[in-house]
Amino acid sequence: MFARLVGESFARNPRRKVLTAVALVIGMAVATATLTIALEVGDRLAREFRSLGANLLVTPESDTLPVEIGGVDYRPVDEGAYLNEVDLGKLKTIFWRHNILGFTPFLDVPASVSETGGATTLIGTWYQHQVRVPDGTEFETGASATHPWWKVQGRWFRDGAAECVVGLSVAEKYPAALGIGKTIHVAQEGASADIRPLVVTGIISTGDAEDNAVLVPLSVAQEISGHPGKFRQLFVSALTKPADALAERGERAQTDKNIQLTPTEYDRWFCSPYISSIGFQIRTVLPGTEVHAIRRVAETEGRILTRVGMLLWIVTLAALGAAALAVAATSATTVLERRSEIGVMKALGASNALVGGIFLAEQMLLAIVGGAIGFFVGAGLARFLGESVFGTPAAPRLILFPVVLALAAIVAMIGSLVPLRRAAHFRPAVILRGE
Amino acid sequence: MFWRMVFQLLRGSRGRLAVAILAIVSGAAVISALLNLDLGVQNKLTQQFRTLGANIVISPASGAPAQISAAEVPSLMPERDVLEALRKLPSAQVTAAAPYLYIVARAQNHPVVVAGTWLDQAQKLDATWKLEGNWVASRADDARCLVGRNVVRRLHLAVGNPLEVHYLDRSAQCNIAGIVDAGGAEDNQVFASLRAVQSLANLPGQIGLAQVSVTGTARVVAEYSARLAAALPQSQVRPIRQVAEAEGALLGRIRLLIVSMVLLILILTALCVLGTMAALAMERRKDVGLMKSLGGSISRIVGIFLAEVGVLGAAGGLVGTILGAALSYWMGLRVFGTAISPRWEVFPATIALMIVVTLTGALPLRMLGNTKPAEILRGE
Amino acid sequence: MVATLVQVDNLRKEFGNVRALDGVSFRVDAGEWIAIMGPSGSGKTTLINILGGLDTPTAGQAMVDGTDVARLDEAGLTRFRAEKIGFIFQQFHLLPYLTAVENVMLAQYFHSTTDEKEAQQSLERVGLGDRIEHLPSQLSGGEQQRVAVARALINHPKLILADEPTGNLDEANEDIVLSLLRELHAEGHTILMVTHAPSIGRLADRRIEFAHGHLVQSAAALKPELA
Chain A
44 MFARLVGESF ARNPRRKVLT AVALVIGMAV ATATLTIALE VGDRLAREFR
94 SLGANLLVTP ESDTLPVEIG GVDYRPVDEG AYLNEVDLGK LKTIFWRHNI
144 LGFTPFLDVP ASVSETGGAT TLIGTWYQHQ VRVPDGTEFE TGASATHPWW
194 KVQGRWFRDG AAECVVGLSV AEKYPAALGI GKTIHVAQEG ASADIRPLVV
244 TGIISTGDAE DNAVLVPLSV AQEISGHPGK FRQLFVSALT KPADALAERG
294 ERAQTDKNIQ LTPTEYDRWF CSPYISSIGF QIRTVLPGTE VHAIRRVAET
344 EGRILTRVGM LLWIVTLAAL GAAALAVAAT SATTVLERRS EIGVMKALGA
394 SNALVGGIFL AEQMLLAIVG GAIGFFVGAG LARFLGESVF GTPAAPRLIL
444 FPVVLALAAI VAMIGSLVPL RRAAHFRPAV ILRGE
Chain B
20 MFWRMVFQLL RGSRGRLAVA ILAIVSGAAV ISALLNLDLG VQNKLTQQFR
70 TLGANIVISP ASGAPAQISA AEVPSLMPER DVLEALRKLP SAQVTAAAPY
120 LYIVARAQNH PVVVAGTWLD QAQKLDATWK LEGNWVASRA DDARCLVGRN
170 VVRRLHLAVG NPLEVHYLDR SAQCNIAGIV DAGGAEDNQV FASLRAVQSL
220 ANLPGQIGLA QVSVTGTARV VAEYSARLAA ALPQSQVRPI RQVAEAEGAL
270 LGRIRLLIVS MVLLILILTA LCVLGTMAAL AMERRKDVGL MKSLGGSISR
320 IVGIFLAEVG VLGAAGGLVG TILGAALSYW MGLRVFGTAI SPRWEVFPAT
370 IALMIVVTLT GALPLRMLGN TKPAEILRGE
Chain C
25 MVATLVQVDN LRKEFGNVRA LDGVSFRVDA GEWIAIMGPS GSGKTTLINI
75 LGGLDTPTAG QAMVDGTDVA RLDEAGLTRF RAEKIGFIFQ QFHLLPYLTA
125 VENVMLAQYF HSTTDEKEAQ QSLERVGLGD RIEHLPSQLS GGEQQRVAVA
175 RALINHPKLI LADEPTGNLD EANEDIVLSL LRELHAEGHT ILMVTHAPSI
225 GRLADRRIEF AHGHLVQSAA ALKPELA
């Protein structure tokens, strides 16, 4: 009988319920959308931050001081230590291999260019290179991943080809000789006998030291310098989680013998993509190296991600609050509107508990239906938001479905309870008289 | 009588109005808090990005800004011209600026990059430097220098030790004030006062490079860059693309995200207020019928109710906006560590919005214009 | 010679398929107290709603104080309600958030200007001098209806229309309100009162019987003799 009463009450007079229904659908849609985004946004933004470039630097452990100005190493090729190119595939075997978005080796060679008659540095690197990973797959990486702000006029050199990209400042000084399509002749500084021709395929401008240099494929630089298969430093772009207390302890434990992590702490640290734990794992597969966070990038990223994350959770909470309020307010209003129905029921002898029960059940039913519809609308909204802000749609999280329904039901209930309790005190005659 | 009626209406319907007031106040609070936040966030985030370092670099027009071997003359530009141009920039946006002169000197027979610069700006240009020891406060201090940690390690030195560097046939000495841990190329360099390095290299009044850190959007940076370029026709002025581009794109995304969520909340809040207002108005139907029967025209009648909800909207909006200002202040502290001060424009904007929304909710009563009083009074 | 205040000619009112009034014609002179009687659903309330400008007829003519109510537009009806009519409802219809005096002033407000003193006096006139600042919830049914009477009179209407004025009152209050109406009649007011109770109908000068939207011939003469 109760169910029948609820059913009848629910089906009758749909006009009165429109407001609550609309508030429920829109409210829960907003709640779903904001929660979906909030859950994903950390990941998405972290990925966005990789546009800042590499956040880890790998260098040989026992090395002489790099003579580095503006990122270009001016050391003669016979000085200092080298790393082996063949080892690089191992980077995609570490625990956090899926977070390694890209890595790029560099070998700077002091050289001379016949056309300019002067000394220029050759920066040997990968732009888009296929690395063989020990598990048999191939991984494409290079400056396209770790230095995404490098843009060329013309096109980049092909991997391993006798081509090059000239820095803007150098090209501007010798526009005729160093234009796109021209061939230049380079040799190691001091070894002018062994001259290589390279075709200029593009001109690069970064605002940094590359503008004054010539970029060549790593293999070309290796040949010219007489160090095949070698490189000096490696830039790595990894998807990391902002540092917190545990991350810092883990980092300090690397160097400070007094700080020890407990086995549980160690596991948690190792299994979190902190920059310190990824760096540690890299060092494990590349022996004889030092791995440091490029702090400028890592810290800025960490700081901003933490703040923005916090901000977005606050906004999400505000959205949830607004949604809850909308539903509660309209529930309350609807119950108030239907005072006369309550009066009639009480006049017919229904107890407060029964009347309250019917109304609550009806509101909850409405909440569940409205909430369910709202969830699907919200999922669509989240996809749209994700698409317009990040370029890829945000996938709906099914776990939110029961959460949103529960929220709708609870809030509708709370909203209805207050006016229902007041109505319980009214005498039917008063209500029916219309006061 | 008009205002007496409005007052009595407000006083008499307290219970029904409670929900409406709650909706208005919290709606206004949320909206004004988010509006304040939105305006403040971009500022704060832009400041955060300054830890990426300089975003404009000034270099000589002709080629490499560095000296490759001791024998070659580096590409240089006059210090005075650059400093003049920098001085003309409005200082509010400039976080830091410093000239550089790089030479490759020798210390303990190792080649070492020595950078002459304004040591007082070092910390501001790169906020991620960690320092063991002390910063050098004055750019005129020739006696002390900051040394990168790799240099210190290689040369087996420590804070307080003297460091002697040789260039061609000259040498100079400085005291190590602090060891720099930059997590970058600076770990391999020595930083001394510009004067000292200029005199060591015998290049008085010359610098190889200048870096500027400017706060603001990508457009602001581009503007400054253009202004500097115009003032320095003999030099190249370029935004550092790594920083400028990434920052621009990121800020854009974050802003878009926040704005879209704010919009959603705005719509929701407006809906909530509208709904409760509309429900309230519907409750007044009978009163409208009665007043029509007394000879009231629909415009006068609706005017009374519009005044009622208008007062609600204004009062609730005011209280809510104040709450919202407090809320955004607290949020700024919590998220950024510094308070976001409320913008005065948010007050009238939010209150106006609330009034408009509440008035819109009462307007359905206007539709009773042509309904006969008998019909209305007949009851539901 | 007494002036004709109300002249109804072939008045028809249809609600969809239902004919509430089916060609009603009658006349009321100034100063008369008419009781409109009949079973529920006979069209009595519809008739005085039309005469009071609260509803419009489908066809026919209804002259009240020289104005054809059937031809008035909304603006005209508004003025008519304020100036010519004083309506007393069965359910009182006082605004619950206004005090007694404010409810009376409401009628003044829509007519021209408010005069609190005059409103107070009108309440004293109906014996509510000590209830001036009370809200309707603080008044008994009879007191509420008396406020309604004061409200109906405040603009010196040409015609007082009362729809079952004592329908919601107990016997004691009913007596009070009815004696009030008697006083008004004695002062020369024209009253059209709807009632279903013969005992109340007998207080009036004339009774008009309604059934199924028609006038039914009654014992009392339809048209009074010219005096």
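Sequence order for the protein chains is A, B and C. Mind the numbering: the first sequence is residues 44 to 478 in this note's numbering, read in order. Mind the numbering: the second sequence is residues 20 to 399 in this note's numbering, read in order. Mind the numbering: the third sequence is residues 25 to 251 in this note's numbering, read in order. Where a beta carbon is used, it is the ideal one built from N, C-alpha and C, also for glycine. Keep in mind that this is a model prediction, so the values were computed, not measured.
Whole-number beta carbon distance between residue j and residue i, since they are thought to touch under 8 Å
i	j	result
L108/A	H129/B	6 Å
G336/B	A47/B	5 Å
A422/A	T159/A	At roughly 60 Å, the Cβ-Cβ gap does not stay under 8 Å, so A422/A and T159/A are not in contact.
P361/B	Y348/B	7 Å
S78/B	S244/B	Going by Cβ atoms, the distance from S78/B to S244/B rounds to 13 Å, so no, they are not a contact pair.
S232/B	A141/B	That belief does not hold up - the Cβ atoms of S232/B and A141/B are roughly 12 Å apart, past 8 Å.
K253/C	L71/C	Here chain C comprises residues numbered 25 to 251, so residue 253/C is not present and cannot be evaluated.
E83/A	A437/A	5 Å
V482/A	G345/A	Outside the shown range of chain A, which is 44 to 478, sits residue 482/A, and nothing can be said about it.
Distance, residue j Cα to residue i Cα
i	j	result
V307/B	T91/C	25 Å
G185/A	D254/A	19 Å
H190/A	V338/B	51 Å
R47/A	N395/A	18 Å
T80/C	I200/C	33 Å
A37/B	A73/B	55 Å
Q144/C	L463/A	39 Å
S339/C	V125/C	Since the first residue of chain C shown is 25 and the last is 251, residue 339/C is not available in this structure.
A177/B	P260/A	40 Å
V263/A	I166/A	10 Å
L331/B	T288/B	16 Å
Q66/B	G235/B	8 Å
D382/A	A99/C	For clarity, residue 382/A is Arg in the given sequence; the question names Asp instead. Cα to Cα, the separation comes out at about 35 Å.
H117/C	A172/C	8 Å
L397/A	E405/A	12 Å
P271/A	K300/A	38 Å
L382/B	K305/B	15 Å
P84/B	L54/B	Interpretation of P84/B is limited by its pLDDT of 44, a score under 50 that renders its predicted location unreliable; no figure is taken from the coordinates.
V378/A	F402/A	8 Å
Counted within 10 angstroms of its Cβ, other Cβ atoms place residue i as buried (16 or more) or exposed
i	result
A367/A	buried
Q86/B	The pLDDT assigned to Q86/B is 46, lower than 50, so where the model puts this residue is not dependable, and the model offers no usable value.
I302/A	exposed
T136/A	exposed
A245/C	Its pLDDT being 43, under 50, A245/C is placed unreliably by the model, and the measurement read from it follows with that caveat. Answer is exposed; the Cβ neighbour count stays below 16.
F39/C	exposed
P285/A	buried
C207/A	buried
Boundaries (first-last residue) of the alpha helix (DSSP H) holding residue i
i	result
H135/C	A124 to H135
P367/B	V365 to A381
D33/C	Careful: D33/C lies outside any alpha helix (DSSP H), inside the beta strand (DSSP E) at T28 to F39.
K547/A	Residue coverage of chain A in this structure runs from 44 to 478, which leaves residue 547/A outside it and unanswerable.
G250/A	Note, G250/A: premise wrong, no alpha helix (DSSP H); not H, not E.
F138/A	Unbroken run through F138/A: none, as it is neither H nor E.
K149/B	Looking at the DSSP string, K149/B is not in any alpha helix (DSSP H); the run it does join, the beta strand (DSSP E), is K149 to G152.
The beta strand (DSSP E) enclosing residue i, as first and last residue numbers
i	result
Y119/B	V113 to A126
A196/B	R189 to D200
R175/A	H172 to R175
S78/B	I75 to P79
Beta-carbon neighbours of residue i, restricted to chain E and to distances below 7 Å
i	result
R272/B	Within the model displayed, chain E is absent; protein chains A, B and C are what it includes.
Legend entry - Short-range partners of chain B found in the stretch 216-243 of chain C, where Cβ spacing is below 9 Å: Of all residues in the stretch 216-243 of chain C, none has a Cβ within less than 9 Å of some Cβ in chain B.
Inset, instruction - Compile a chain-ordered list of the residues in the stretch 83-105 of chain C whose CB is closer than 8 Å to at least one CB of chain B. - result: Answer set for the stretch 83-105 of chain C: E98, A99, T102, R103, F104 and R105.
Legend entry - Against chain C: residues of the stretch 283-312 of chain B by CB proximity under 9 Å: So the list reads K305, D306, G308, L309, M310, K311 and S312, given in the order they occur along the chain.
Inset, instruction - Check each residue of the stretch 146-180 of chain B: if its Cβ is closer than 7 Å to any Cβ of chain A, include it; give the result in chain order. - result: Residues of the stretch 146-180 of chain B whose Cβ lies closer than 7 Å to any Cβ of chain A, in chain order: T147, N169, V170 and R173.
Inset, instruction - With 7 Å as the limit, tell me which residues of the stretch 353-384 of chain B have their beta carbon closer than that to any beta carbon of chain C; keep them in chain order. - result: Taking 7 Å as the Cβ-Cβ cut-off against chain C, none of the residues of the stretch 353-384 of chain B qualify.
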